[in-house]
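Chains as they are written, first to last, in this note's numbering: chain A, 1 to 110; chain B, 111 to 224. Backbone N, C-alpha and C fix where the C-beta goes; we use that ideal spot for every residue, glycine too. Remember, it's a predicted structure, so these values are computed and weren't measured experimentally.
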Amino acid sequence: EDQVTQSPEALRLQEGESSSLNCSYTVSGLRGLFWYRQDPGKGPEFLFTLYSAGEEKEKERLKATLTKKESFLHITAPKPEDSATYLCAVQPNYGQNFVFGPGTRLSVLP
Amino acid sequence: NAGVTQTPKFQVLKTGQSMTLQCAQDMNHEYMSWYRQDPGMGLRLIHYSVGAGITDQGEVPNGYNVSRSTTEDFPLRLLSAAPSQTSVYFCASSYSHVGGTEAFFGQGTRLTVV
C-alpha cells in the first residue's frame with residue numbers, strides 16, 4: 001500500500017532559525033513527489049515537484065530534496081509569512097492520483 | 111483565469127439531507143478530483159475523473175456520487191448526509207490524466223452535518 005508520513009507534526013521556529021521538514025514515503029514506483037503549502041482556510045498551493053532521487057528544487061527560502069525513501073523541505077532563515085501547513089504527496093507511476101501525507105504545521109515567531 | 115472555483119464555501123446540513131458541491135475549472139484540464147480533509151488524516155481521495163464522461167472511485171467513495179458531463183465541471187453529490195461527512199472538501203484539477211503534473215486546488219467547502 002502506498003503511504004506517506006510527515007514529521008514533525010508541528011514545528012515552532014524563531015524568525016531566522018533554519019530547519020527541515022521530513023516526508024517519508026513507500027510507493028511501488030514513484031512518478032513524482034509534490035510539496036504544497038496550505039494557509040488556514042485555503043486550498044493547498046503548489047510549491048515543487050521532484051521526479052528522481054538526487055533532484056533538488058529551490059524557491060526563495062525553501063529548498064526541496066529527494067532520496068529513494070524520503071524528501072526534505074529545508075527552510076532557511078524563515079520569516080513569519082512562512083507560517084503554514086506544508087503537505088507532501090506522492091504520485092505512483094501506475095496512475096494519476098496523489099497520496100497525501102498529514103502535513104507539518106509550521107509556525108515562525110517574530 | 112479563475113483557476114478552480116468551488117461553491118459554496120460553507121454549508122450546514124441536517125442528517126439525511128442531500129446536496130451538491132460545485133466545482134469548475136477554466137484551465138482545460140483533463141483530470142479532476144475531489145478530496146476530503148480531516149484533522150490528522152491528510153487529504154483523502156473521494157472520486158476522480160480523467161475526462162468528460164469518465165469517473166472512478168478513490169479511497170473513500172461511499173456516500174458520494176460524481177458525474178462529469180463537461181471538461182469544466184465536476185460536481186460532488188452527497189446522497190444522504192451523515193455526521194461522518196462533516197469535513198472540508200477540496201476539488202482539484204491537473205493538466206494531464208497520465209500523471210506527472212501538479213494539481214491545482216479550489217478554496218474548499220467546509221461542510222457540517224448536524
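Candidates the options, of which the one nearest residue i by Cα
{"i": "K63 of chain A", "options": "A:P40, A:T104 and A:S19", "result": "A:S19"}
{"i": "F215 of chain B", "options": "B:F200, B:M137 and B:L189", "result": "B:F200"}
{"i": "R12 of chain A", "options": "A:P78, A:Q96, A:C23 and A:T49", "result": "A:P78"}
{"i": "D2 of chain A", "options": "A:P92, A:V108 and A:G103", "result": "A:P92"}
{"i": "L21 of chain A", "options": "A:Q14, A:S28, A:A10 and A:E15", "result": "A:A10"}
{"i": "Y141 of chain B", "options": "B:S204, B:L189 and B:V223", "result": "B:S204"}
{"i": "R154 of chain B", "options": "B:N138, B:D166, B:H139 and B:P171", "result": "B:P171"}
{"i": "A191 of chain B", "options": "B:T115, B:M137, B:C133 and B:V223", "result": "B:V223"}
{"i": "E17 of chain A", "options": "A:N97, A:F98, A:R61 and A:T67", "result": "A:R61"}
{"i": "E45 of chain A", "options": "B:V176, B:G113 and B:T196", "result": "B:G113"}
{"i": "V27 of chain A", "options": "A:G95, A:S107 and A:L106", "result": "A:G95"}
{"i": "D82 of chain A", "options": "A:K68, A:F98 and A:K59", "result": "A:K59"}
CB-CB length for residue i against residue j, believed under 8 angstroms
{"i": "T181 of chain B", "j": "A202 of chain B", "result": "Rounded, the Cβ-Cβ distance is 15 angstroms, inconsistent with contact."}
{"i": "Q121 of chain B", "j": "V198 of chain B", "result": "Actually they are not in contact, since the Cβ atoms of Q121 of chain B and V198 of chain B sit about 11 angstroms apart, beyond 8 angstroms."}
{"i": "F212 of chain B", "j": "T49 of chain A", "result": "It is Glu, not Phe, that sits at residue 212 of chain B in the sequence shown. Right, the Cβ-Cβ distance comes to about 6 angstroms (below 8 angstroms), so this counts as a contact."}
{"i": "I156 of chain B", "j": "L186 of chain B", "result": "7 angstroms"}
{"i": "P102 of chain A", "j": "M151 of chain B", "result": "6 angstroms"}
{"i": "F100 of chain A", "j": "L109 of chain A", "result": "Not a contact, Cβ separation roughly 27 angstroms."}
Three-state secondary structure assigned by DSSP to residue i
{"i": "S52 of chain A", "result": "coil"}
{"i": "E58 of chain A", "result": "strand"}
{"i": "D2 of chain A", "result": "coil"}
{"i": "S128 of chain B", "result": "coil"}
{"i": "D183 of chain B", "result": "strand"}
{"i": "E212 of chain B", "result": "coil"}
{"i": "D148 of chain B", "result": "strand"}
{"i": "D82 of chain A", "result": "helix"}
{"i": "Q195 of chain B", "result": "helix"}
Taking contact to mean at least 3 C-beta pairs separated by less than 8 angstroms, is the segment 59-75 of chain A in contact with the segment 127-146 of chain B? no
Mind checking the segment 148-159 of chain B against chain A and listing, in chain order, the residues whose C-beta falls within less than 8 angstroms of any C-beta there? G150, M151, G152, L153, R154, L155 and Y158
Residues in the segment 203-221 of chain B having any Cβ partner in chain A nearer than 9 angstroms: S204, S206, H207, V208, G209, G210, T211, E212, A213, F214, F215, G216, Q217, G218 and R220
Closer than 7 angstroms, Cβ to Cβ, to anything on chain B: give me those residues from the segment 23-52 of chain A, in chain order. R31, G32, F34, K42, G43, P44, F46 and T49
Against chain A: residues of the segment 164-187 of chain B by CB proximity under 8 angstroms: G168
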